[in-house]
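Engineer: Residue 1 is where the sequence shown starts when you use UniProt numbering, and the numbers rise one by one after that.
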Amino acid sequence: MSQPVVAIVGHPNVGKSTIFNRIVGQRISIVEDTPGVTRDRIYAHADWLDHKFSLIDTGGIEISNAPFVKQITAQAEVAIDEADVIILMVNGKEGVTDGDDHIARILYHSNKPVIVAVNKIDNLKQQSDIYDFYSLGLGDPYPISGAHGKGLGDLLDQVIKVLPEDHHDNVNDGIKFSLIGRPNVGKSSLVNAILGEKRVIVSKKAGTTRDATNTHFVDHHQKYTIIDTAGLRKRGKVYENTEKYSVLRAMRSIDDSDVVLVVLNADEGIREQDKKIAGYAHEAGKGIIIVVNKWDQVDKTSATQRNFEGAIRYQFKYLTYAPIIFVSALTKQRLNQLPKLIDKVYHNHEKRITSSNLNDVMMDAISMTPTPTSGTKRLRIYYATQVASAPPTIVIFVNDPTLMHFSYQRYLENQFRKSFDFTGTPLKLITRSRK
Ligand code: GDP
Ligand code: GDP
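1) Is the region 288 to 305 close to the region 214 to 228, with three or more CB pairs under 8 Å?
2) With a cut-off of 8 Å on the beta carbons, I'd call V361 and Q415 a contact; round off their distance for me.
3) According to DSSP, is I325 helix, strand or coil?
4) Give me whichever residues DSSP pairs with G269 in a beta bridge.
5) Tell me, please, which residues DSSP counts as bridged to K150.
6) Is DSSP giving G287 helix, strand or coil here?
7) Drop a sphere of 10 angstroms on the beta-carbon of Q386, count the other beta-carbons inside from all chains shown, and report buried for 16 or more, exposed for fewer.
8) Can you round the beta-carbon distance between S433 and V398 to whole angstroms, since I take them to be within the 8 Å contact cut?
9) Under 6 Å: does the beta carbon of S246 sit that close to some heavy atom of ligand 2?
10) Give me, in chain order, the residues of the same chain whose beta-carbon lies closer than 8 Å to that of S17; leave out the 5 immediate sequence neighbours on both sides.
11) In the structure shown, what three-state DSSP assignment does Y245 receive?
12) Have a look at Q71, T73, A83 and flag the residue whose alpha-carbon is nearest the alpha-carbon of P164.
13) Please list, in chain order, all residues of the same chain as N192 whose beta carbon is under 8 Å from its beta carbon, the five residues on each side excluded.
14) Where are the beta strand (DSSP E) runs, 3 residues long or more, that stay fully inside the region 155 to 191, in chain order?
15) Would you say the beta carbon of N184 is closer than 6 Å to some non-hydrogen atom of ligand 2?
16) Please classify D255 as buried or exposed, where buried requires at least 16 neighbouring CB atoms within 10 angstroms.
17) When the Cα atoms are used, what is the spatial distance from P372 to F406?
18) Does DSSP put M89 in a helix, a strand or coil?
19) Using a Cβ-Cβ cutoff of less than 7 Å, which residues in the same chain neighbour F133 once the five nearest sequence positions on both sides are dropped?
20) Tell me the rounded alpha-carbon separation between R105 and G92.
21) Tell me the rounded alpha-carbon separation between I23 and E240.
22) Should V69 go down as buried or exposed, given a rule of 16 or more other Cβ atoms within 10 Å for buried?
23) Beta-carbon separation of G10 and L88 under 7 Å?
24) Which runs of the alpha helix (DSSP H) at least 4 residues long sit entirely within the region 340 to 372? Give them in chain order.
25) Find out if the Cβ-Cβ distance for the pair T425, P391 is shorter than 7 Å.
26) Thinking C-alpha only, which one of Q3, A79, K223 is nearest D50?
27) Alpha carbon to alpha carbon, what distance is there between I72 and D289?
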């Protein structure tokens, strides 16, 4: 279920991204073949003393050509809209600035818990510099040093104290899915078209003032929940069409989903931002369907669909497992097939294969293509077992994991995929040495 959210706001250069990276630490995973995913990160999972939360660095949200005051106002608004707890970060070396005052005044009226973190307090002598910041009217300032990693424990203790519990919906949500993609690819049109005349139940999440509104519907006796329908409706905020904000919104929806629909615009082809957004869904390990919308807009010959598929497979190399469906929100072409496809991907994502079936397939695979060797050593594979689902995660026990060549691992994955239907879900293969 969705985690509570903590946002960091403050002037440029006070150290927000330094602190963000310190708190998030090792959790930012590196997926080599998803380009651009790890750079410019403003949203990530974190935890402190068994409390899990998501962290946003609002400093990354930029309104192009806007004056400074408009920039930091938008950042404070994002924090108020998205977060349960806000950390206002200031620079202890500079003292209180006009900008700090401005942000503090906006946050003061938000009714959200705000914690003042005074950064760049690198040594004890500077400790007294924090008292200035009582004038912001937001309570005790917490001294920290991003450079030395000091004070973060006390700051996070305080964050945990005011953090709400995990948000649990009491309702049975069925299969949860979201639609992600660039602005104007047709996400909200698709939602409206999918819902059509279906019986729709809109639920405001209890226990949160955030405007995350999920929509439930039933198709062929299966219940579905569309995550973050509200986020798809434009509210006219200045930051709404910035790339970073739409990525942030997408990442939050991905978090709450079982299956993610990556929506592309057939009319415009594949853009850099599409790849970024799809990369986040892949990285999160969710079930994925690629939805090519506005198919009605395209002049088609017999090769058009095949060519478009080829382009998708080429541009999204890491998403070979994701099925592609060509639809139109306008004419409703193929939209009735979508719930069934989501259902199938969901079940593949949740799938569990017994060890005996798994090992039968693996042993056949090994006999067809012998394991690789390195020098005089040959990779020996003993057995495989599925240790988790959503996504399916298979541990392969071997004599020496360094002998497991990337291409052989891919070969095994393909053999598993041929024998068991894993359409739409990533598979995680982990090689371990048998003790
Ligand atoms: P942001 O713009 O608020 O995200 O700030 P950054 O994290 O990019 O940091 C701005 C500058 O302040 C960088 O040069 C950091 O190395 C430096 N910085 C960050 N934290 C500290 C700190 O605790 N002490 C000192 N002396 N410098 C810091
Ligand atoms: P969002 O920003 O991704 O939610 O996109 P919208 O749903 O607001 O759609 C953006 C624009 O594309 C609107 O003008 C829609 O009417 C139009 N649109 C959406 N889906 C289709 C489609 O399947 N075909 C055509 N021709 N236009 C569409």
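Even for Gly, the Cβ is constructed at its ideal location relative to N, Cα and C. Source: prediction; values computed, not measured.
Structural biologist: In short:
1) no
2) What you label residue 361 is simply residue 361 of the sequence shown in a count that begins at 1. What you label residue 415 is simply residue 415 of the sequence shown in a count that begins at 1. Right, their Cβ atoms sit about 6 Å apart.
3) Here residue 325 refers to the residue found at position 325 of the sequence shown. Here I325 sits in strand by DSSP.
4) By 1-based counting over the sequence shown, the position of residue 269 is 269. Per DSSP, N265.
5) Start at 1 with the first residue of the sequence shown, and residue 150 comes out as number 150. Note: K150 sits in a beta bridge opposite S145.
6) Locating residue 287 in the sequence shown gives position 287, where the first residue counts as 1. If DSSP states are grouped into helix, strand and coil, G287 belongs with the strands.
7) The residue given as residue 386 occupies position 386 in the sequence shown. Per the 10 Å Cβ criterion, buried.
8) For the purposes of this step, residue 433 is taken as the residue at position 433 of the sequence shown. For the purposes of this step, residue 398 is taken as the residue at position 398 of the sequence shown. Rounded, the Cβ-Cβ distance is 6 Å, consistent with contact.
9) Position 246 of the sequence shown, counted from the start, is the residue given in the question as residue 246. No; taking the cut-off as 6 Å, the Cβ of S246 has no heavy atom of ligand 2 nearer than that.
10) Within the sequence shown, the letter at position 17 stands for residue 17. Answer for S17: D57, G59, G60, listed in chain order.
11) For the purposes of this step, residue 245 is taken as residue 245 along the sequence shown, with counting starting at 1. Three-state result, Y245: helix.
12) Within the sequence shown, numbered from 1, the residue matching residue 164 stands at position 164. Closest by alpha carbon: A83.
13) Residue 192 sits at position 192 when you count from the first residue of the sequence shown. If we look at N192 and ignore the five residues flanking it on each side, its Cβ neighbours are A329.
14) 175 to 180
15) Here residue 184 corresponds to residue number 184 of the sequence shown, with the count starting at 1. For ligand 2, at least one heavy atom lies less than 6 Å from the Cβ of N184.
16) Locating residue 255 in the sequence shown gives position 255, where the first residue counts as 1. Burial call: buried.
17) As a first step, residue 372 is located in the sequence shown; it is residue number 372 there, counting from the start. As a first step, residue 406 is located in the sequence shown; it is residue number 406 there, counting from the start. Cα to Cα, P372 sits roughly 10 Å from F406.
18) Along the sequence shown, read from residue 1 onward, the residue named residue 89 stands at position 89. Looking at M89 - three-state DSSP - the assignment turns out to be strand.
19) Within the sequence shown, the letter at position 133 stands for residue 133. Contacts found: V90, V96, V116, V118, P141.
20) Translated into the one-based positions of the sequence shown, residue 105 becomes position 105. Translated into the one-based positions of the sequence shown, residue 92 becomes position 92. One C-alpha to the other measures close to 19 Å.
21) Within the sequence shown, the letter at position 23 stands for residue 23. Within the sequence shown, the letter at position 240 stands for residue 240. Approximately 26 Å between the Cα atoms of the pair.
22) Along the sequence shown, read from residue 1 onward, the residue named residue 69 stands at position 69. Its Cβ having fewer than 16 others within 10 Å, V69 is exposed.
23) Locating residue 10 in the sequence shown gives position 10, counting from the first residue. Locating residue 88 in the sequence shown gives position 88, counting from the first residue. Closer than 7 Å, so yes.
24) 355 to 368
25) Stepping through the sequence shown from its first residue, residue 425 is reached at position 425. Stepping through the sequence shown from its first residue, residue 391 is reached at position 391. Cβ atoms of T425 and P391: closer than 7 Å.
26) In the sequence shown, counting from the first residue as 1, residue 50 sits at position 50. D50 has its Cα closest to that of Q3, out of Q3, A79, K223.
27) Within the sequence shown, the letter at position 289 stands for residue 289. Within the sequence shown, the letter at position 72 stands for residue 72. Sequence inspection shows Ile at residue 289; the Asp mentioned does not correspond to that position. Cα-Cα distance, rounded: 36 Å.
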